[in-house]
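These notes are about the structure you will find just below.
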Amino acid sequence: METQIRNRLVLIPPPFQGHITPMLQLATILHSKGFSITIAHDNFNSPNPSNHPNFSFLPLFYGLSETQISSKNFVDITATLNAKCVSPLKELLVDQIEKANMNHEKIACVIYDGLMYSIESVARELKLASIILRVTCATNLLTYHAVVQRQSTDCMSLDMVPELEPLGFKDLPMLNSHVMQQQIAKTLAVRPSLGVIYNTVNCLEGKSLHRLHELYKVNVFPIGPLHMIAEDSSSSSCVEEDYSCIGWLNNQATKSVFKQKFLWVIRPGTINDVSEWLESLPKEVKVAIEERGCIVKWAPQREVLAHQGVGGFWSHCGWNSTLESLCEGVPIMCQPHFGDQGVNARLLSRVWKVGLEWSNVIERNEVERAVRRLMVNEEGKEMAQRAFKLKNEIKLAVKAGSSYDALNGMVDSILSVNL
């Protein structure tokens, strides 16, 4: 009797929390479809294997120092990452191909994060099928394309970007260095053999997804939101989550948090020692905090946003946070800082109309005015209604709609090249 060959996927995230999380969610989804899973990851900021006992974890050493990772020069970090990952990754994949052959397995596909564009050359050299996972919104990639076009056409005087309205040129990423220009060019040039996964939904970005397919002539798989499809997956956070805030939320009135009460999450590294900082506050401030709010180092964000006590979210508008908020019908007070966050904020406020653009001036009266607009005024109530409607549309897409179909289409694509 002929032994059946099992299909193994090798997934390769970069060492950044916002990219590790969706990659592990994708791995959970694909494992449920019958694939064996290997996660090849840098030894820095590595995921916890005990949270995912069904996966094989293979650490790599890219040679990135903690100083480099924490430098916040994302362009240089990404360039260094791509330069250093090729050799160790090729060695690992060659070894995995040999082991797979001995164990009646086959490396069916390599799935890598869009930041790690140099992996495509390794996959082609080893004759492995490849898929890119892009963890930003689909529209964000179109902004890169628009920047390239902007440099070659006379569109400086236009307020809105053609085919990306209501995004304006001021919302586009700035290519203010030669290294960054090279990065964008390489990102746009990559053509994986099977296609590109987007952690998004057709009801949110159908027009952008169609445009990307037209421009780059590769299959597009909008199978998001990944965290909803992989809802039973273990925590992928590299930082310990503080669940004490859930107990605090349980004692709050429905939709009251952010209006009468607040939950404040202070990201590790932004303040040297949160507990020490809290202890140094004047007594009357601590009393006020105890009565009106809760402060934690790192919260289980999905559980927080799903809680009935939460009525609004003040966010930097990273894509993972944006999706998690949309999936729970929670309107957002937008305060973008860098990267794709400005694009996400504009989509939230101008396209989906579930987010509030404000002055971004961290001044008491301005913050109060913005909170009232989102949580008290008629404007905010209308946002909440639209957010609730979007929440239901997303659920339908995941259950038996566009995301469900895209996921099955992607699985079929992987299996079809391995018959």
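The sequence shown begins at 255 in my numbering and counts up by one.
Yeah, the Cβ is synthetic: ideal placement off N, Cα and C, and Gly gets one too.
Where does residue i land, buried or exposed, given buried means 16+ other C-beta within 10 angstroms?
i: residue 265; result: buried
i: residue 321; result: exposed
i: residue 595; result: buried
i: residue 579; result: buried
i: residue 546; result: exposed
i: residue 567; result: buried
i: residue 671; result: exposed
i: residue 337; result: exposed
i: residue 439; result: exposed
i: residue 625; result: buried
i: residue 574; result: buried
i: residue 304; result: exposed
i: residue 637; result: buried
i: residue 592; result: exposed
i: residue 501; result: exposed
i: residue 639; result: exposed
i: residue 350; result: buried
i: residue 257; result: exposed
i: residue 569; result: buried
By the DSSP assignment, the beta strand (DSSP E) with residue i in it spans what residues?
i: residue 312; result: 310–314
i: residue 568; result: 567–569
i: residue 295; result: 290–296
i: residue 359; result: 359–367
i: residue 558; result: Counting along the chain, residue 558 falls outside any beta strand (DSSP E), though it belongs to the alpha helix (DSSP H) covering 555–560.
i: residue 276; result: Element bounds for residue 276: not the beta strand (DSSP E) but the alpha helix (DSSP H), 271–286.
i: residue 587; result: 586–588
i: residue 474; result: 474–476
Which residue comes first and which comes last in the alpha helix (DSSP H) that contains residue i?
i: residue 649; result: 632–654
i: residue 375; result: 373–379
i: residue 304; result: Looking at the DSSP string, residue 304 is not in any alpha helix (DSSP H), and its letter there is neither H nor E.
i: residue 260; result: Segment 260–266 is the beta strand (DSSP E) holding residue 260; no alpha helix (DSSP H) there.
i: residue 470; result: 456–470
i: residue 593; result: Premise fails: residue 593 is in no alpha helix (DSSP H) and is neither H nor E.
i: residue 480; result: 480–483
i: residue 501; result: 498–504
i: residue 342; result: 328–356
i: residue 391; result: Looking at the DSSP string, residue 391 is not in any alpha helix (DSSP H), and its letter there is neither H nor E.
Look at the alpha carbon of residue i and the alpha carbon of residue j, and state the distance between them as a whole number of angstroms.
i: residue 590; j: residue 600; result: 10 Å
i: residue 656; j: residue 454; result: 10 Å
i: residue 377; j: residue 346; result: 12 Å
i: residue 395; j: residue 660; result: 19 Å
i: residue 560; j: residue 274; result: 22 Å
i: residue 665; j: residue 628; result: 41 Å
i: residue 582; j: residue 352; result: 45 Å
i: residue 618; j: residue 588; result: 16 Å
i: residue 279; j: residue 658; result: 15 Å
i: residue 293; j: residue 622; result: 45 Å
i: residue 642; j: residue 286; result: 29 Å
i: residue 418; j: residue 402; result: 14 Å
i: residue 348; j: residue 616; result: 52 Å
i: residue 682; j: residue 333; result: With the chain covering 255 to 673 only, the question about residue 682 has no answer from this structure.
i: residue 342; j: residue 387; result: 20 Å
i: residue 576; j: residue 649; result: 15 Å
i: residue 408; j: residue 585; result: Bear in mind that the predicted position of residue 408 carries a pLDDT of just 49, short of 50, making it too unreliable to give a figure here.
Sorted by chain position, which residues of the same chain lie with C-beta nearer than 7 Å to residue i's C-beta, five sequence neighbours on each side aside?
i: residue 284; result: 263 and 291
i: residue 260; result: 290, 358 and 359
i: residue 495; result: 489, 552, 553 and 554
i: residue 633; result: 627
i: residue 565; result: 509, 510, 511, 512, 513 and 629
i: residue 434; result: 329
Compute the beta-carbon to beta-carbon distance between residue i and residue j, rounded to the nearest angstrom, for a pair I have assumed lies under 8 Å.
i: residue 507; j: residue 563; result: 7 Å
i: residue 297; j: residue 314; result: 7 Å
i: residue 463; j: residue 473; result: That pair is no contact at about 11 Å.
i: residue 466; j: residue 400; result: The pair is not a contact, with the Cβ atoms about 12 Å apart (cut-off 8 Å).
i: residue 276; j: residue 389; result: 5 Å
i: residue 397; j: residue 421; result: 7 Å
i: residue 354; j: residue 309; result: Their Cβ separation, rounded to whole angstroms, is 15 Å, which puts residue 354 and residue 309 out of contact at 8 Å.
i: residue 339; j: residue 371; result: Contact doesn't hold; Cβ gap of about 10 Å is too wide.
Can you find the residues in the same chain that come closer than 8 Å, C-beta to C-beta, to residue i, ignoring five residues on each side of it along the sequence?
i: residue 384; result: 363, 364, 365, 366, 373, 374, 377, 378, 446, 447 and 448
i: residue 644; result: 457, 458, 580, 583, 606 and 608
i: residue 651; result: 455, 456, 457, 657 and 658
i: residue 669; result: 261 and 362
i: residue 425; result: 397, 415, 596, 597 and 600
Ordered along the chain, which non-local residues of its own chain (more than five positions away) have a Cβ less than 6 Å from that of residue i?
i: residue 269; result: 296, 298 and 299
i: residue 484; result: 279, 282 and 283
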